[in-house]
Ligand code: GLN
């Protein structure tokens, strides 16, 4: 396939990728540590690409709602960074962790300051700070996603939130541990409630491709107003590239070559700055918590189109 120009439609390449994925055996396993997610069929697959003008191309289950989980960490980071700017970086770092997303081990060595905003500890800090600034971090997130996707029906999945809360000992441990270092402002149960609701937002590939577009537009929202400075948008894209897929971020950069963020619901969002955004969903995960078919599809997309940051 030829390298894509700005006027190319994405539909043929999406259809080719879906056919290839359909023929590929081995899809990984849905996350089962959150019981409400365990029942999803790993053969499901959807992919959407949003152009900067809001045109969305899609294939497979691209309109099927799924659990956003850690994909929401990109949006809470953007919403908090827009409010407090660089002061955030006194509370959370910007380096890859090289550890699983829910790991506790680095936190004690590093005095309760998480390595980056995309591992669970770092996301808890960001949600805590956004909650302090807005009084309702998860509500702020939901409202942003609804506006940017143009889908007013987006909502939390209370069953998924309750399921995660009932099995949330590790996130609770992270929250309490960081609170002991003074790095959490709100009562930990309040923070966990906000975080589990945040993660439970139910979205489709189409919704998320659109909602992520502000990162491809260098910080500009769908209505033309600015959420982030151009520099802040670059910063978030850079952290997605280096930290967005946890201890697989090196391999993701090698294979896909785009800023990306995964979630244990099986979604991955990715950004081609200045060009388009992508969201792919397939619930089967590898052992690092990234969608197997999702990474494979993004790998094929950048290979076939030549669209990558490198
Ligand atoms: N809600 C999940 C958790 O905290 C999010 C993890 C993820 O999507 N990687 O464990």
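Residue numbers (the numbering used here): 69 to 378.
Note that the Cβ used here is the ideal one computed from N, Cα and C, for glycine as well.
Predicted model only: the values in this text are computed from it and were never measured.
One Cα belongs to residue 113, the other to residue 152, and the distance between them is close to 37 Å. Here the alpha carbons of residue 352 and residue 99 stand approximately 8 Å from one another. The C-beta separation of residue 365 from residue 89 comes to about 6 Å, placing the pair in contact by the 8 Å criterion. Where residue 210 is concerned, there is no enclosing beta strand (DSSP E), although the alpha helix (DSSP H) around it starts and stops at 205 to 217.
The region 293 to 339 is shown to contain whole beta strand (DSSP E) runs of 3 or more residues at 328 to 330, in chain order. For residue 370, the enclosing alpha helix (DSSP H) begins and ends at 360 to 373. According to DSSP, residue pairing for residue 97 in a beta bridge involves 353. For residue 102, the Cβ falls inside the 8 Å cut-off from some heavy atom of the ligand GLN. Taking C-beta atoms as the reference points, residue 303 and residue 149 count as a pair closer than 9 Å. The alpha-carbon separation between residue 101 and residue 235 amounts to approximately 7 Å. Remark: the shortest separation between the CB of residue 251 and any heavy atom of the ligand GLN does not fall under 8 Å.
Taking a C-beta distance under 9 Å as the contact criterion, residue 154 and residue 196 do not qualify as a contact pair. Proximity to residue 134 across 378, 335, 341 peaks at 335, based on C-alpha coordinates. One alpha carbon belongs to residue 299, the other to residue 93, and they sit about 41 Å apart.
The ligand GLN never approaches residue 201 closely enough for any of its heavy atoms to be under 8 Å from the residue's Cβ.
If you look at residue 119, you'll find it in the beta strand (DSSP E) that goes 114 to 119.
CA-CA distance, residue 202 to residue 208, rounds to 7 Å. Of 345, 128, 164, the smallest CA-CA separation from residue 119 is found for 345. Segment contact: the region 287 to 294 against the region 215 to 235, three or more CB-CB distances shorter than 8 Å; contact assigned. Distance from the C-beta of residue 142 to the nearest heavy atom of the ligand GLN is not below 8 Å. For residue 126, the enclosing beta strand (DSSP E) begins and ends at 124 to 128. Remark: C-beta atoms of residue 131 and residue 110 do not approach each other more closely than 9 Å.
For residue 160, no alpha helix (DSSP H) encloses it, and the DSSP letter there is neither H nor E. By the beta-carbon neighbour count (other beta carbons within 10 angstroms, threshold 16), residue 107 is exposed. Between the beta-carbon of residue 349 and that of residue 267 there is about 15 Å, and that puts the pair past the 8 Å contact cut. The count of Cβ pairs closer than 8 Å, one atom from the region 176 to 195 and one from the region 240 to 251, reaches three, so the stretches are in contact. Residue list for the ligand GLN: 137, 138, 169, 170, 188, 232, 239, 267, 331, 332, 357 (CB closer than 6 Å to any heavy atom, chain order). DSSP places residue 175 within a helical segment (H, G or I) once states are collapsed to three.
For residue 138 against residue 332, the beta-carbon gap comes to about 7 Å, under 8 Å, which counts as contact. Excluding residues up to 5 positions away in sequence, 95, 96, 352, 354 lie with their Cβ nearer than 6 Å to the Cβ of residue 360 in the same chain. Around the C-beta of residue 368, 16 or more other C-beta atoms lie within 10 Å, and the residue is accordingly described as buried.
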